[in-house]
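S.K.: Note that the protein sequences, when read in sequence, are chains R and Z.
Count the first sequence with the numbering used here and you get residues 45 to 182, in order.
Count the second sequence with the numbering used here and you get residues 311 to 565, in order.
Note that beta-carbon positions come from the ideal geometry of N, C-alpha and C, so glycine has one too.
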Amino acid sequence: MKFLPKVLVVGALASLTLGAAPQAGPRKGNETPIVHLQGDTRACLGHFDLTRSTMRWTSTWSRCTTRSPHLLSTGANSWTLKMTSAKGCGYEVVTLVNLTERDQLPKTEYPLWIVDGFTTLRGYRQHPETPDISCNMQ
Amino acid sequence: MADAETLATKLKGWESGLKAEIAKNPAPWNSYDSTIKSVIADYTTKLSSTPHYSAPDWQLIKAMLWTESGAWNHAWTYAPMQAGMPRDKGLPDILPPNEHSKLILPPSYATTLTLQNVPKNPTYNIMAGVGYLLKRAAKFKNVLVLDSTVPQLSLPPRTIGIQPLLESLGIKSAWSTIPFFNFGGGFSPAFLMQPAPGVASHVATHTTSKHPAQPKKKLGIFDWRPIDSGSVAGLYNGGGDPNYTAKVKFALTLM
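And the structure:
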């Protein structure tokens, strides 16, 4: 019985540490990156938080939370995720690009990212260069 | 809410990234210069007769494009001002049949721009984005005007102020017509006597008639808020980015 509270405390501390991170870099291999980003432009005011189990994206005109985003593909500095449940989210596919790494921009504590949203998987496959929303994030 | 140190660090990162990206390949970042100038010229033709109108600086609009999207963002090629993105509540405000659209949009824009094409065409996006910015900067008021559909005699018209117009309709004082007016925001009796230039052409033509013209409310622009690097964050971005003004100012230094 004494073990349980310790587990809870350790778990709580771990989640606090993750939550406090302004952003984390991509993970190695074909894993979903863990990122905590902020969007500031007219259409993108809000936050994008991605863990291995959930994605939460709030922007100016949409609010989206989904569990278990499926990793469709990865590139050198990019990731494409399919939402398993896009209800109320508006975006079935989300792509992330680490702009600072991709374009070899000056290193900064808050790297620049581009987060794109596609309302349908079909739209993503047909026109990957024209997402329905494209957000600069840090 | 991010603290000041975090904001400053983020801004520095954005600035160094922007500067490096433009230095590597400046051409795409300058690709909308002529479009921006042309769009501002079109709006100036439409709005220059409104009181206190001052055309926005084209480089300020360019700095907003760099802040809103930039050539590093996919939206640069189809929606550089991020106008009309999914569920954008601002765009319908300036498109027909919204009443503001008639006052802000050049006629050719009003027949061209739609909710569907604005997010998919960079020129249309700039047209709509600048229009939205101007709509937010304009100060609108309802004024009382004659209904032009009322039959008129062939006597030559003469232009008068609203007060004599009201008196000709048997209304002795402008103040007795308060229900016809929106008096918010410093609307003064002097304004009633002298309708705004942008409205006057629609408004104060009085002719002798067997059937007295019927007064009705009409929306007009009577003043403008300043459009500069300090105001666009609130007017266009909604004030949600505390670094917006600093980003726009930095972008201007790179031009």
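So, does the CB of S106/R fall closer than 8 angstroms to a CB anywhere in chain Z?
M.R.: As a first step, residue 106/R must be located in the first sequence, where it is residue number 62. True, the Cβ-Cβ gap to chain Z drops below 8 angstroms.
S.K.: Among K557/Z, L456/Z and L413/Z, which has the Cα closest to the Cα of F450/Z?
M.R.: Locating residue 450/Z in the second sequence gives position 140, where the first residue counts as 1. Checked all of K557/Z, L456/Z and L413/Z; the closest Cα to F450/Z is L413/Z.
S.K.: Can you find the residues in the same chain that come closer than 8 angstroms, C-beta to C-beta, to Y388/Z, ignoring five residues on each side of it along the sequence?
M.R.: Along the second sequence, one-based indexing puts residue 388/Z at 78. Closer than 8 angstroms at Cβ, skipping near neighbours: P429, K430, N431, P432 and N435.
S.K.: Rounded to whole angstroms, what is the Cα-Cα separation between P361/Z and A448/Z?
M.R.: The sequence position of residue 361/Z within the second sequence is 51, counting from 1. The sequence position of residue 448/Z within the second sequence is 138, counting from 1. So the alpha carbons of these two residues sit roughly 10 angstroms apart.
S.K.: Consult DSSP for K445/Z and reduce its assignment to one of helix, strand or coil.
M.R.: Here the question's residue 445/Z lines up with position 135 in the second sequence. It is helical.
S.K.: For I332/Z and G83/R, I'd like the C-alpha separation in whole angstroms.
M.R.: The sequence position of residue 332/Z within the second sequence is 22, counting from 1. The sequence position of residue 83/R within the first sequence is 39, counting from 1. Going from the Cα of I332/Z to the Cα of G83/R covers about 21 angstroms.
S.K.: I need the boundaries of the alpha helix (DSSP H) containing Q182/R, first residue and last residue.
M.R.: Residue numbering aside, residue 182/R sits at position 138 when the first sequence is read from its first letter. Looking at the DSSP string, Q182/R is not in any alpha helix (DSSP H), and its letter there is neither H nor E.
S.K.: Taking only beta carbons into account, state which residues of the region 362 to 386 of chain Z come closer than 8 angstroms to chain R, listed in chain order.
M.R.: T377, E378, S379, G380, W382, N383, H384 and A385
S.K.: Using a Cβ-Cβ cutoff of less than 6 angstroms, which residues in the same chain neighbour R535/Z once the five nearest sequence positions on both sides are dropped?
M.R.: In the second sequence, the residue the question calls residue 535/Z occupies position 225. A447.
S.K.: Could you give the residue range of the beta strand (DSSP E) that holds L125/R?
M.R.: To locate residue 125/R, count along the first sequence from 1; it is residue 81. Residues S122 to K126.
S.K.: So which residues on chain Z does E147/R lean against when the C-beta distance must stay under 9 angstroms?
M.R.: If you number the first sequence from 1, residue 147/R lands on position 103. With the sequence shown as reference, residue 147/R is identified as Asp, and Glu is not the correct amino acid for it. The contacting residues are G327, A330, E331, K334 and W382.
S.K.: When DSSP builds the beta bridges, which residues end up paired with C108/R?
M.R.: Mapped onto the first sequence, residue 108/R falls at position 64. W101/R.
S.K.: Is there a C-beta anywhere in chain B that falls below 8 angstroms from the one on P396/Z?
M.R.: Note that chain B does not occur in the displayed structure, where the protein chains are R and Z.
S.K.: Is the CB-CB distance between R146/R and N180/R below 8 angstroms?
M.R.: Translated into positions along the first sequence, residue 146/R becomes position 102. Translated into positions along the first sequence, residue 180/R becomes position 136. No; because the gap between Cβ atoms is not below 8 angstroms, this pair is not in contact.
S.K.: Comparing C-alpha positions only, which one of S178/R, K151/R and G167/R sits nearest to D160/R?
M.R.: Translated into positions along the first sequence, residue 160/R becomes position 116. Among S178/R, K151/R and G167/R, the Cα nearest to that of D160/R belongs to S178/R.
S.K.: Three-state secondary structure (DSSP) at I436/Z?
M.R.: To locate residue 436/Z, count along the second sequence from 1; it is residue 126. DSSP places I436/Z in helix when its eight states are reduced to three.
S.K.: Give the DSSP-derived three-state secondary structure of I414/Z in the structure shown.
M.R.: For this step, residue 414/Z is matched to residue 104 along the second sequence. It is helical.
S.K.: Roughly how many angstroms separate the alpha carbons of Q170/R and I158/R, rounded to a whole number?
M.R.: As a working mapping, residue 170/R is identified with position 126 in the first sequence. As a working mapping, residue 158/R is identified with position 114 in the first sequence. Computed Cα separation, rounded: 20 angstroms.
S.K.: So, is G327/Z buried or exposed, given that buried needs 16 or more other C-beta atoms within 10 angstroms?
M.R.: On the second sequence, position 17 is the one that residue 327/Z refers to. Buried, by the Cβ-count rule.
S.K.: By alpha-carbon positions, which one of F532/Z, P552/Z, A438/Z and T555/Z ends up nearest to D398/Z?
M.R.: Counted from its first residue, the second sequence places residue 398/Z at position 88. Considering only alpha carbons, the answer is A438/Z.
S.K.: Going by other Cβ atoms of all chains shown within 10 Å of its Cβ, with 16 needed for buried, is K151/R buried or exposed?
M.R.: Position 107 of the first sequence, counted from the start, is the residue given in the question as residue 151/R. Exposed: under 16 other Cβ atoms inside 10 Å.
S.K.: Given that N547/Z touches chain R, what residues does it touch there, using C-beta distances under 9 angstroms?
M.R.: Position 237 of the second sequence, counted from the first residue, corresponds to residue 547/Z. Correct list: D84, T85, R86 and L89.
S.K.: Using a Cβ-Cβ cutoff of 9 angstroms, what residues of the region 339 to 352 of chain Z are near chain R? List them in chain order.
M.R.: Near chain R, meaning a CB-to-CB distance below 9 angstroms, no residue of the region 339 to 352 of chain Z qualifies.
S.K.: Do V440/Z and I531/Z count as a contact pair if the criterion is CB distance below 8 angstroms?
M.R.: As a working mapping, residue 531/Z is identified with position 221 in the second sequence. As a working mapping, residue 440/Z is identified with position 130 in the second sequence. Not closer than 8 angstroms, so no.
S.K.: Where does P525/Z sit, in a helix, a strand or coil, going by DSSP?
M.R.: Numbered from 1 along the second sequence, position 215 holds the residue referred to as residue 525/Z. Strand.
S.K.: Counting Cβ pairs, one atom from each stretch, are 3 or more of them under 8 angstroms apart for the region 84 to 92 of chain R and the region 544 to 555 of chain Z?
M.R.: With the cut-off at 8 angstroms, the region 84 to 92 of chain R and the region 544 to 555 of chain Z touch.
S.K.: Is L367/Z helix, strand or coil when you go by DSSP?
M.R.: In the second sequence, the residue the question calls residue 367/Z occupies position 57. According to the sequence displayed, residue 367/Z carries Asp and not Leu. Of the three classes helix, strand and coil, the one that applies to D367/Z here is coil, per DSSP.
S.K.: Is P417/Z near the ligand NAD, with its Cβ less than 7 angstroms from a heavy atom?
M.R.: With respect to small molecules bound, the structure shown includes none, and the ligand NAD cannot be examined in it.
S.K.: Closest to P175/R by C-alpha separation, out of L562/Z, W386/Z, P402/Z and Y363/Z, would be which residue?
M.R.: By 1-based counting over the first sequence, the position of residue 175/R is 131. That would be W386/Z, whose Cα lies nearest to the Cα of P175/R.
S.K.: Name the chain Z residues that come within less than 7 angstroms of I177/R, Cβ to Cβ?
M.R.: For the purposes of this step, residue 177/R is taken as the residue at position 133 of the first sequence. In chain order: M395 and P396.
S.K.: Pop quiz: Y353/Z and A393/Z are said to be a contact at Cβ under 8 angstroms. What is the actual Cβ separation, rounded to whole angstroms?
M.R.: Reading the second sequence from its first residue, position 43 is the one you call residue 353/Z. Reading the second sequence from its first residue, position 83 is the one you call residue 393/Z. With 8 angstroms as the limit, Y353/Z and A393/Z do not qualify as a contact, their Cβ atoms being about 14 angstroms apart.
S.K.: Let me make sure I understand the geometry here. Which of T377/Z, T421/Z and K528/Z has the alpha-carbon closest to that of F560/Z?
M.R.: Residue numbering aside, residue 560/Z sits at position 250 when the second sequence is read from its first letter. Of T377/Z, T421/Z and K528/Z, the residue nearest in Cα terms is T377/Z.
S.K.: Determine whether the beta carbon atoms of T124/R and S117/R lie at a separation below 8 angstroms.
M.R.: Reading the first sequence from its first residue, position 80 is the one you call residue 124/R. Reading the first sequence from its first residue, position 73 is the one you call residue 117/R. A contact, by the Cβ cut-off of 8 angstroms.
S.K.: Please decide whether W553/Z counts as near chain R, where near means a Cβ-Cβ distance under 8 angstroms.
M.R.: Sequence index remark: in the second sequence, residue 553/Z carries index 243 (1-based). Position check: residue 553/Z holds Asn in this sequence, whereas Trp was assumed. Chain R contact via Cβ: present.
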